[in-house]
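Working notes, beginning with the structure itself.
In the UniProt record's numbering, the protein residues as written are 1 to 362.
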């Protein structure tokens, strides 16, 4: 079995690492399986790409399509054009895509038009929010996928409602958690840990990246000022894109508790999450890791494609309003964290299940 694995953006790298490990394990057991790794170049900054390959021991890509940035349409088109040439030159039995970035959708379409089967890891998750580009990518990818690998029973149910073949829907668990478990003993404090005199449970991690939160300077400043006041005696570690930080510096706004740092590699970032008092974010993926680590997470969105992180895990959806964040976070400070657990099959073995199932379907 020849598998082409697609990676395009930061979350993809975290997800493909354990899948590659599982393939290598099967090779060592004597199975006839190989992979070709295609990096689309959707994220090309070293902090967003190369660092993850190095830290997670991912082999160097067989090819980097180097599509880089552009509008949604430009980037998707560039990936499709480049990957079509790649797939024609290097045919395979299966194209494996992960997550919901533009590379996921674009390469799935190309594969199917080249009569190549597609496996989608993290299939079936839905936010119901069609204003999110990721939601469009999920819907289109799942509409042409051959083998669906889901992180939850609710994701599997979403696919059944769409009429997907139940024989090809496999609830396997969460590959993000595979990576977490495989690297939990390797995580390490970032260089600035001692510089800022950080200590366990004495700081909050903040991440913001959605355009509604970071693209309009006055709105971002207002949001940060409000979060700054929430911290009380806690410091706030905010990994921020240098471009956004430069804009904030021009505004000459001074924050009492917020410490701006560069985007972090996986091992340093997981160390920050694991030892934090709480996390405030507008990301979906971080809520998975906080759920397993038992860290209170407050997600500034109106919806989530990962409902199990709220119903079972430590995540709380607080909406996009600062006032609601203040209310919910204040309740947390007064009453403590809610009771939480870890979803079924988030046990670090999802990747092994995926590769075993694919070999059975050969």
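For each residue, glycine too, the CB sits at the ideal point set by N, CA and C. Quick caveat: nothing in here was measured; it's all calculated off a predicted structure.
For residue i, the first and last residue of its enclosing alpha helix (DSSP H)
i, result
"residue 161", "153 to 161"
"residue 106", "102 to 113"
"residue 292", "286 to 293"
"residue 17", "10 to 28"
"residue 143", "133 to 144"
"residue 116", "Premise fails: residue 116 is in no alpha helix (DSSP H) and is neither H nor E."
"residue 53", "50 to 55"
Own chain residues within Cβ distance below 6 Å of residue i, not counting five before or after
i, result
"residue 196", "259"
"residue 142", "123"
"residue 265", "51 and 55"
"residue 213", "282"
"residue 111", "95 and 118"
"residue 2", "34, 92 and 93"
"residue 40", "8, 65, 67, 79 and 103"
"residue 114", "87"
"residue 206", "236, 238 and 280"
"residue 61", "37 and 39"
"residue 178", "18, 348, 350 and 351"
"residue 340", "313 and 314"
"residue 362", "1"
"residue 147", "119 and 168"
Same chain, Cβ closer than 7 Å to residue i, five either side skipped, listed in chain order
i, result
"residue 308", "152, 154 and 343"
"residue 347", "173"
"residue 234", "202, 203, 204, 257 and 277"
"residue 230", "326 and 329"
"residue 357", "170"
"residue 386", "Here the chain has residues from 1 to 362 only, and residue 386 is not among them."
Host beta strand (DSSP E) of residue i (start-end)
i, result
"residue 5", "2 to 7"
"residue 73", "Run containing residue 73: none in the beta strand (DSSP E); it sits in the alpha helix (DSSP H), 72 to 89."
"residue 150", "147 to 150"
"residue 253", "Run containing residue 253: none; DSSP gives neither H nor E here."
"residue 171", "169 to 171"
"residue 35", "34 to 39"
"residue 130", "Where residue 130 is concerned, there is no enclosing beta strand (DSSP E), given that its DSSP letter is neither H nor E."
Beta bridge counterpart(s) of residue i as assigned by DSSP
i, result
"residue 271", "DSSP, once it has assigned bridges, lists no residue as partnering residue 271."
"residue 239", "261"
"residue 297", "279 and 315"
"residue 358", "In DSSP, residue 358 forms no bridge with anything."
Same chain only: Cβ atoms within 8 Å of residue i, ignoring 5 sequence neighbours per side
i, result
"residue 182", "17, 18, 21 and 348"
"residue 130", "136"
"residue 317", "299, 301, 302, 303, 304 and 310"
"residue 73", "none"
Residue i CB to nearest heavy atom of the ligand SAH below 7 Å
i, result
"residue 165", "Ligands in the displayed structure: none, and consequently the ligand SAH is not present."
>> Does the structure place the segment 181 to 190 close enough to the segment 263 to 279 that three or more beta carbon pairs sit under 8 Å?
In response: yes
> Does the segment 101 to 113 touch the segment 74 to 81, meaning 3 or more C-beta pairs lie closer than 8 Å?
Replying inline: yes
>> Runs of 4 residues minimum, wholly inside the segment 174 to 237: which ones carry the alpha helix (DSSP H) assignment?
In response: Complete alpha helix (DSSP H) runs here, min 4: 175 to 183, 192 to 195, 211 to 214 and 217 to 230.
> Counting pairs of beta carbons, one from the segment 192 to 206 and one from the segment 276 to 293, are three or more of them closer than 8 Å?
Replying inline: Cβ pair count under 8 Å is three or more, so yes.
>> Under 8 Å, with one C-beta from each stretch per pair, do the segment 242 to 251 and the segment 210 to 224 reach the 3-pair mark?
In response: Contact holds: three or more Cβ-Cβ distances are below 8 Å.
> Where in the segment 305 to 351 do unbroken runs of the alpha helix (DSSP H), each at least 4 residues long, occur, reported from the N-terminal end onward?
Replying inline: The segment 305 to 351 is shown to contain whole alpha helix (DSSP H) runs of 4 or more residues at 308 to 311 and 322 to 335, in chain order.
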